[in-house]
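Accompanying notes for the structure given below.
In the working numbering, the protein residues as written are 1 to 75.
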């Protein structure tokens with residue numbers, strides 16, 4: 001298991017009572033939500049990078065691509 005860190009939040013008392021009444025495992029629930037949100041944001045970040053690369057690559061002449069591919073095959 002990886003090292004754990006502590007995060008503290010403040011929530012309304014009524015919400016805490018409802019969580020306790022429903023016996024929600026807050027630790028697991030929050031970890032799962034954070035993992036999903038992080039994955040979503042990382043994917044969005046990668047998509048932005050890919051879009052920027054496409055813009056750059058579109059500007060490169062086709063002949064340069066062919067030349068670079070051929071040179072890399074010869075190595």
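Using N, Cα and C, we set each Cβ at its ideal position, and we do this for glycine too.
Assuming the contact rule is C-beta atoms closer than 8 Å, residue i and residue j should be a hit. Round their C-beta distance to whole Å, please.
i, j, result
"residue 26", "residue 19", "6 Å"
Can you tell me where the alpha helix (DSSP H) with residue i in it begins and where it stops?
i, result
"residue 60", "Looking at the DSSP string, residue 60 is not in any alpha helix (DSSP H), and its letter there is neither H nor E."
"residue 14", "13-21"
Answer yes or no: does any C-beta atom of chain C fall closer than 8 Å to that of residue i?
i, result
"residue 8", "Within the model displayed, chain C is absent; a lone protein chain is all it includes."
Run through DSSP, which three-state label would residue i get?
i, result
"residue 10", "coil"
"residue 30", "helix"
"residue 24", "coil"
"residue 45", "helix"
"residue 75", "coil"
"residue 4", "coil"
Thinking C-alpha only, which one of the options is nearest residue i?
i, options, result
"residue 5", "72, 17, 31 and 57", "31"
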